[in-house]
Amino acid sequence: MTLNGETIGYVENKNEFENAINKMVTVEEECVAFRTIEAEQNYELQFVEKTKQVNEQEVLAKIQENTTTIYTMFGIVVNDEIKTYVKTEEEAQNVIEELNQKCKEKNIEIEIGMRQIYTDTKQDTEEGSVIVAKIEDETIAPLADITKKQEKQEEQKAISTVNGIQLAVRPISGTITSRYGARSSRRSGAHTGLDIAAKTGTPIKVTTDGSVTFAGRSGSYGYLVKVSHGNGVETWYAHCSKLYVSKGQAVSAGDTIAAVGSTGNSTGPHLHFEIRVDGKTLNPQKYIY
1 MTLNGETIGY
11 VENKNEFENA
21 INKMVTVEEE
31 CVAFRTIEAE
41 QNYELQFVEK
51 TKQVNEQEVL
61 AKIQENTTTI
71 YTMFGIVVND
81 EIKTYVKTEE
91 EAQNVIEELN
101 QKCKEKNIEI
111 EIGMRQIYTD
121 TKQDTEEGSV
131 IVAKIEDETI
141 APLADITKKQ
151 EKQEEQKAIS
161 TVNGIQLAVR
171 PISGTITSRY
181 GARSSRRSGA
191 HTGLDIAAKT
201 GTPIKVTTDG
211 SVTFAGRSGS
221 YGYLVKVSHG
231 NGVETWYAHC
241 SKLYVSKGQA
251 VSAGDTIAAV
261 GSTGNSTGPH
271 LHFEIRVDGK
281 TLNPQKYIY
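Sequential numbering of the sequence shown, starting at 1, is according to full-length UniProt numbering.
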């Protein structure tokens, strides 16, 4: 018996030995697609001395050394990237169905599929349940969080937009003590804004970019700042103890423009906050509080 022209040993029966080779090549093993013998095999009938022993197992071992095994596996593909492998197409289909269901539940879109590969290096495979949990933790959950945040941001943006102007910052944090539209014996009509209680001196921030149109004392409003934001949108900040801006000054969202006080018609330190469009008041709680 020769391989690539080199004698590697002797066999007694060619047909029986061929069967042994075929059995070795076609043996069913996990993930094995097929085997090929790379070397050229030749048999030559020879008469040898009785003392010459056949060595079929050694010959078979040498042939096996020259055999290449090709493995096949099914890759689980997420967004065109193979994340891991399973052994069978059925397993891959089950994993894909589970992952698609989880994406549907979380309202996200991910491209999930499978790809059959052939390789001479066996890849590690995993159980379907492990793969689903792994991809859910590493890919689906983070993307779901991002999608949820984006949806929340879009929702917040839609709520806090007045006539095309984004109200980005709450002027102060505190307890609402009087709501828009409320009536009181201290007022001649319905409340035109929102009262938020806070300590005297608490910084008041402008809700979005704009230009100061008024900064001074104004009757029952006490010390008042008015800011124009364009598109007819104005915000008013009343009962201030201190004013830090002046008329005509440009301000950016989050800039401190005044301090909480109790000037004008007021029973305690608080901010009276108004949103106006073309002079008409709106309920701030629909947009920012």
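We put the CB at the ideal spot given by N, CA and C, even for glycine.
Here's the rule I'm using: 16 or more other beta-carbon atoms within 10 Å means buried, otherwise exposed. How should I288 be labelled? To locate residue 288, count along the sequence shown from 1; it is residue 288. Looking at its Cβ environment, which holds 16 or more other Cβ atoms inside 10 Å, I288 is buried.
Quick one: give me the first and last residue of the beta strand (DSSP E) that V130 is part of. By 1-based counting over the sequence shown, the position of residue 130 is 130. Careful: V130 lies outside any beta strand (DSSP E), inside the alpha helix (DSSP H) at G128 to I135.
Please report the straight-line C-alpha distance between I112 and L167, rounded to a whole angstrom. As a first step, residue 112 is located in the sequence shown; it is residue number 112 there, counting from the start. As a first step, residue 167 is located in the sequence shown; it is residue number 167 there, counting from the start. Going from the Cα of I112 to the Cα of L167 covers about 40 Å.
If distances are taken between C-alpha atoms only, which option among K205, V32 and F17 comes closest to Q41? Counted from its first residue, the sequence shown places residue 41 at position 41. When each option's Cα is compared against that of Q41, the closest is F17.
Which two residues bound the contiguous alpha helix (DSSP H) that contains A259? What you label residue 259 is simply residue 259 of the sequence shown in a count that begins at 1. Taken as a continuous stretch (DSSP letters only), A259 belongs to no alpha helix (DSSP H), being part of the beta strand (DSSP E) at T256 to A259.
With DSSP collapsed to three states, give me the class of I70. Position 70 of the sequence shown, counting from 1, holds the residue named residue 70. Of the three classes helix, strand and coil, the one that applies to I70 here is strand, per DSSP.
Straight-line gap, N231 to D278 (C-alpha atoms, nearest Å): Counting from one through the sequence shown, the residue named residue 231 turns up at place 231. Counting from one through the sequence shown, the residue named residue 278 turns up at place 278. One C-alpha to the other measures close to 8 Å.
Rounded to a whole number of angstroms, what is the C-alpha to C-alpha distance between G264 and H239? Here residue 264 is taken as the residue at index 264 of the sequence shown, counted from 1. Here residue 239 is taken as the residue at index 239 of the sequence shown, counted from 1. For G264 and H239, the distance between alpha carbons rounds to 6 Å.
Within 10 angstroms of the Cβ of L45, are there 16 or more other Cβ atoms? Answer buried if so, exposed if not. Indexing the sequence shown from 1 puts residue 45 at position 45. L45 comes out exposed.
What do you get for S246, buried or exposed, if any count of 16 or more other CB atoms within 10 angstroms of its CB means buried? By 1-based counting over the sequence shown, the position of residue 246 is 246. With fewer than 16 Cβ atoms within 10 Å of its Cβ, S246 is classed as exposed.
So what's residue 335 in DSSP terms, helix, strand or just coil? Because residue 335 is not part of the residues shown, which for the chain are 1 to 289, the question remains open.
Three or more C-beta pairs under 8 Å: does that hold for the region 85-95 against the region 5-13? no
What whole-angstrom Cβ distance do V260 and V227 have, given they're in contact under 8 Å? As a working note, residue 260 is residue 260 in the sequence shown. As a working note, residue 227 is residue 227 in the sequence shown. 17 Å between Cβ atoms; not a contact.
Classify T119 as helix, strand or coil using the three-state DSSP reduction. Residue 119 sits at position 119 when you count from the first residue of the sequence shown. In this structure, T119 counts as strand in the three-state DSSP scheme.
Where L143 and I108 are concerned, what is the direct C-alpha to C-alpha distance, given to the nearest angstrom? To locate residue 143, count along the sequence shown from 1; it is residue 143. To locate residue 108, count along the sequence shown from 1; it is residue 108. Between L143 and I108, the C-alpha separation is close to 7 Å.
If I'm right that G210 touches I196 with Cβ under 8 Å, what's the distance once you round it to whole angstroms? To locate residue 210, count along the sequence shown from 1; it is residue 210. To locate residue 196, count along the sequence shown from 1; it is residue 196. In fact, because the Cβ distance is near 20 Å, the residues do not count as touching under 8 Å.
Near N55, what residues of its chain come up, given a Cβ to Cβ distance below 6 Å and the 5 sequence neighbours on each side ignored? Position 55 of the sequence shown holds residue 55. Around N55: G9.
Start-end ranges of the beta strand (DSSP E) lying completely within the UniProt domain "M23ase beta-sheet core" (190-284), minimum 3 residues: 194-197, 203-205, 210-217, 223-230, 233-240, 256-259, 270-277 and 280-282
Measuring straight from C-alpha to C-alpha, what distance separates residue 290 and S160? Here the chain has residues from 1 to 289 only, and residue 290 is not among them.
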